[in-house]
Amino acid sequence: MKYILKPKPVPERIFKDLDEEQKNAVLNSKGRSIVIAGPGSGKTRVITYKIVHLISQGVSPSEILLMTFTRAAAKEMIDRARNVTGRDLKEMIAGTFHSVSNHLLRKYAKLVGYENNYTILDRHDAETLMGHARSIVSERLPLDLKRALPKKGVLFSIHSYMMNTLCSLEEAVRAKNPRFMEALDIIKEVFQTYTEEKVKQNVMDYDDLLVNLLRLLEENPDVEKSLSRRFKWILVDEFQDTNVVQYLIAERLAKVHGNIFVVGDDAQSIYSFRGARFENVEDFINSGETLVFRIQTNYRSTDKIVDLINRMIPKRAVKKELRSVRKGDKKPIVVETFDDEEQALFVVQRIEELISNGISPDDIAVLYRSHSHSMRLEMELTFRRIPHKVLSGLKFTETAHVKDVLAFLKILQNPLDLVSWVRATKLFDGVGDVTASKVAISVAKAVDGGKDYTEALKSFGGKSKKGLEKLSEVITTLRKSENPSEIIELLMDEFYSDYLDYTYENARERKEDVRMLAEIASRYDSLERFLSDITTSEDVGPRPFEDDKDKVTLSTVHQAKGLEWKVVFVISVNPGDFPNYLAISEGNSDEEERLFYVAITRAKDELYIVHQTLGSRRPYIGNRIAWSRGESFVDKIPEDLVEVWEVG
DNA sequence: TCCGGGGTTTTTTTT
DNA sequence: AAACCCCGGA
782 MKYILKPKPV
792 PERIFKDLDE
802 EQKNAVLNSK
812 GRSIVIAGPG
822 SGKTRVITYK
832 IVHLISQGVS
842 PSEILLMTFT
852 RAAAKEMIDR
862 ARNVTGRDLK
872 EMIAGTFHSV
882 SNHLLRKYAK
892 LVGYENNYTI
902 LDRHDAETLM
912 GHARSIVSER
922 LPLDLKRALP
932 KKGVLFSIHS
942 YMMNTLCSLE
952 EAVRAKNPRF
962 MEALDIIKEV
972 FQTYTEEKVK
982 QNVMDYDDLL
992 VNLLRLLEEN
1002 PDVEKSLSRR
1012 FKWILVDEFQ
1022 DTNVVQYLIA
1032 ERLAKVHGNI
1042 FVVGDDAQSI
1052 YSFRGARFEN
1062 VEDFINSGET
1072 LVFRIQTNYR
1082 STDKIVDLIN
1092 RMIPKRAVKK
1102 ELRSVRKGDK
1112 KPIVVETFDD
1122 EEQALFVVQR
1132 IEELISNGIS
1142 PDDIAVLYRS
1152 HSHSMRLEME
1162 LTFRRIPHKV
1172 LSGLKFTETA
1182 HVKDVLAFLK
1192 ILQNPLDLVS
1202 WVRATKLFDG
1212 VGDVTASKVA
1222 ISVAKAVDGG
1232 KDYTEALKSF
1242 GGKSKKGLEK
1252 LSEVITTLRK
1262 SENPSEIIEL
1272 LMDEFYSDYL
1282 DYTYENARER
1292 KEDVRMLAEI
1302 ASRYDSLERF
1312 LSDITTSEDV
1322 GPRPFEDDKD
1332 KVTLSTVHQA
1342 KGLEWKVVFV
1352 ISVNPGDFPN
1362 YLAISEGNSD
1372 EEERLFYVAI
1382 TRAKDELYIV
1392 HQTLGSRRPY
1402 IGNRIAWSRG
1412 ESFVDKIPED
1422 LVEVWEVG
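Numbers given in our numbering equal positions in the first sequence, counted from 1, plus 781.
Here it is, written out as structure tokens:
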């Protein structure tokens, strides 16, 4: 007999950490509910306590599905909920939309035309495969049509837009790049080829993870029923940044029980380029019986900063007035500098002053619209030996050596993965693009014919013979293990360590990175789980395991989403830079406004908005002056709410 | 035909 | 970091 333990009761006093609005949202939400949150209003806390509340009511952790924007956010909420409830929440399924989708999809891969050992293409790999599809189509086109075919990057962004918004090809081209309207037919052909190739190669790109899950649910009512029975509650964070596909997935998963709890702030929707629709917020409220809660008290920023925030609320957002609870003595400061050199000097000098006043570098962040804006500043920080970390820029998993190693692992998991084969094969002597593609194709043939693919590698003669023999040898060795970190070590011993030595001057650092990768891998015993996690979660970070404490943070505004610091500098607030000139020319100035809103709402105590009188660092686009495009955010700031500093 | 070494340019944000 | 182009050599 099985003796079932009742859930540990959670006493009411546990909710004493919540204010009235928050408590209302947590305790009175049921069925279909949405929480409209202002910045800094304790949205993480509300979701955390929603989990606590559910568990206290006897819901099992395995019946809760939590979807967030970053893995770090999910982890934070679970950790906090674990502390409050004292229950280990291991069975709870939580993570980014993509990782959760992958998790749910893996079991049913067959039903959407895939094998369950499919591998996931990151953005770059997907773009490479799009290039492959493009060249297949291009080969059978006459010269004039060949020329009309957009570059692979453009094709990929149109395709991605089409998938994210579920619109027609025509609409996607019109929205992303109207000048390719005449090439619709051949673009369509490339997309067909791309999709076929993905199925053939048993690979999915990021969009597929979502679209295929939606298809699975739509086309298989029994699967939909069993999944939505399995979960009793669907929780979604950052709802304003979900796209249509994510919205539909969430709705479908909640179909049976009707329990769906979403939290968002339409003023902070900043991912429209990825299909995010802040309109989802409105649609959600208007469809069905939706309970609407608001949490509008700002606990993060001082009243002086909140005054400015209230005046800078984006035009198209739902009207709201934040209440501040923290008194501050400093108005936000608008800083005028001459050029980016002077801007960097100002920021660095001010940071030095703050640090000598006892503020920890941890509490300081510099935010900017695009990576390139940080260059000058990084140099200056390094020069003056101020400890800093850069959240933006090339990520760990995007470095060449990590991608090389992952390519080998992907081959082992899914030998049909063409992009990975090409990448790995080209590392060997005498092999270039052409041979590598041939290798990948003959391997696929061998696998389809049920043969051992290492045989296929031995059939090549000429210059590449030796290299391919070595490759075959390496693969044979790697196949002896199924443990990801063991495979990485075998690869290093057998081949890659030497390769790094004769290829790169900084081989030592790169080897160190690979060692780190092996260490991360050692937490997994399944190759599939390791690869899934590393390709679907962003927070592997630029340098995992590095001691990131006590450092000034440099970050794009996008990556600063959800974070906060005592002192925030927003730099390069010039028309053209921020707002970005490309966004403006695409008519997307609303989103730039929201982005600026996100930037200034990260600050707790001190906010510096820095701009340059010289304007954009890149003033000319073609022969037009870029900085004449778009208005300056600085001009929109009410003078009485800020202090103005001139640097000289 | 293909490899690989040399060069230059890249210019938004990213799961 | 990698796409792109050019060119010498196999």
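Ideal placement from N, C-alpha and C gives every residue a C-beta, glycine not left out.
Owing to the predicted nature of the structure, the values given are computational and were not obtained by experimental measurement.
Status (buried if at least 16 other CB within 10 Å, exposed otherwise) for residue i
{"i": "Asn-897", "result": "exposed"}
{"i": "Asn-1404", "result": "In this predicted model, Asn-1404 has a pLDDT of only 36, less than 50, meaning its place in the structure is not dependable; the value taken from the coordinates is given anyway. Exposed, because fewer than 16 other Cβ atoms sit within 10 Å of the Cβ of Asn-1404."}
{"i": "Gln-1194", "result": "buried"}
{"i": "Ile-1230", "result": "The question names Ile, yet the displayed sequence has Gly at residue 1230. Exposed: under 16 other Cβ atoms inside 10 Å."}
{"i": "Asn-1067", "result": "exposed"}
{"i": "Ala-1225", "result": "buried"}
{"i": "Phe-1164", "result": "exposed"}
{"i": "Leu-1103", "result": "buried"}
{"i": "Met-1160", "result": "exposed"}
{"i": "Ser-1141", "result": "exposed"}
{"i": "Lys-1385", "result": "buried"}
{"i": "Glu-872", "result": "exposed"}
{"i": "Thr-1394", "result": "exposed"}
{"i": "Lys-981", "result": "exposed"}
{"i": "Gly-821", "result": "buried"}
{"i": "Pro-959", "result": "exposed"}
{"i": "Glu-1300", "result": "exposed"}
CA-to-CA distance, residue j to residue i, given in whole angstroms
{"i": "Tyr-889", "j": "Tyr-899", "result": "11 Å"}
{"i": "Thr-1317", "j": "Ala-1302", "result": "15 Å"}
{"i": "Leu-1158", "j": "Asp-925", "result": "46 Å"}
{"i": "Gly-934", "j": "Lys-1006", "result": "39 Å"}
{"i": "Asp-1233", "j": "Lys-1219", "result": "17 Å"}
{"i": "Arg-1291", "j": "Phe-1276", "result": "14 Å"}
{"i": "Glu-1424", "j": "Leu-1126", "result": "20 Å"}
{"i": "Ser-1223", "j": "Pro-1002", "result": "39 Å"}
{"i": "Asp-800", "j": "Ile-817", "result": "15 Å"}
{"i": "Val-1128", "j": "Asp-1144", "result": "14 Å"}
{"i": "Leu-1298", "j": "Glu-1063", "result": "43 Å"}
{"i": "Tyr-1401", "j": "Asp-1371", "result": "Residue placement at Tyr-1401 cannot be trusted, given a pLDDT of 42 that sits under 50; what the coordinates show is reported in the next sentence. If you take the alpha carbons of Tyr-1401 and Asp-1371, they lie about 23 Å apart."}
{"i": "Phe-1359", "j": "Tyr-1149", "result": "8 Å"}
{"i": "Ser-1307", "j": "Glu-1263", "result": "7 Å"}
{"i": "Glu-951", "j": "Ser-941", "result": "13 Å"}
{"i": "Gly-1243", "j": "Val-1295", "result": "32 Å"}
{"i": "Ile-1167", "j": "Ser-841", "result": "48 Å"}
{"i": "Asp-1279", "j": "Tyr-895", "result": "36 Å"}
{"i": "Lys-831", "j": "Tyr-1028", "result": "20 Å"}
{"i": "Ala-1031", "j": "Ile-1041", "result": "8 Å"}
{"i": "Val-893", "j": "Phe-1012", "result": "22 Å"}
{"i": "Val-954", "j": "Leu-965", "result": "8 Å"}
Test item: CB-CB of residue i and residue j under 7 Å
{"i": "Leu-991", "j": "Asn-883", "result": "no"}
{"i": "Val-1391", "j": "Val-1116", "result": "yes"}
{"i": "Phe-1311", "j": "Pro-1265", "result": "yes"}
{"i": "Asp-1185", "j": "Lys-1191", "result": "no"}
{"i": "Val-833", "j": "Gln-803", "result": "no"}
{"i": "Pro-1095", "j": "Glu-1374", "result": "yes"}
{"i": "Leu-1449", "j": "Asp-986", "result": "No answer is possible for residue 1449: the residues shown for the chain start at 782 and end at 1429."}
{"i": "Gly-812", "j": "Gly-1045", "result": "no"}
{"i": "Gly-1069", "j": "Lys-1085", "result": "no"}
Nonlocal neighbours in the same chain, by C-beta distance under 6 Å from residue i, ignoring five residues either side
{"i": "Met-944", "result": "Asp-988 and Val-992"}
{"i": "Val-1171", "result": "Leu-1335"}
{"i": "Arg-852", "result": "Gly-876, Thr-877, Ser-1318 and Asp-1320"}
{"i": "Phe-1241", "result": "Leu-1249"}
{"i": "Thr-1023", "result": "Asn-1061"}
{"i": "Thr-909", "result": "Val-1200"}
{"i": "Ala-1380", "result": "Leu-1148, Val-1338 and Val-1351"}
{"i": "Thr-1216", "result": "Ser-1245"}
{"i": "Ala-1188", "result": "Ser-1201, Arg-1204 and Ala-1205"}
Nonlocal neighbours in the same chain, by C-beta distance under 7 Å from residue i, ignoring five residues either side
{"i": "Leu-936", "result": "Met-911, Arg-915, Ile-968 and Val-971"}
{"i": "Val-918", "result": "Ile-967, Glu-970, Val-971 and Thr-974"}
{"i": "Ser-1135", "result": "Note that residue 1135 corresponds to Leu in the displayed sequence, not to Ser. Contacts found: Ile-1145 and Val-1348."}
{"i": "Val-1428", "result": "Val-1116, Glu-1117, Thr-1118, Glu-1123 and Phe-1127"}
Can you check the stretch 904 to 991 for any alpha helix (DSSP H) of at least 4 residues that lies completely inside it and give the ranges in chain order?
904 to 920, 924 to 929, 933 to 946, 950 to 957 and 965 to 982
For the stretch 1276 to 1340, list the beta strand (DSSP E) runs that are entirely contained and at least 3 residues long, ordered along the chain.
1333 to 1337
Fully enclosed by the stretch 1039 to 1117, which alpha helix (DSSP H) runs are 4 residues long or longer?
1060 to 1067 and 1084 to 1092
Where in the stretch 1135 to 1217 do unbroken runs of the beta strand (DSSP E), each at least 3 residues long, occur, reported from the N-terminal end onward?
1145 to 1149 and 1169 to 1171
At 3 residues or longer, and completely inside the stretch 831 to 905: list those beta strand (DSSP E) runs for me, N to C.
845 to 849 and 874 to 877
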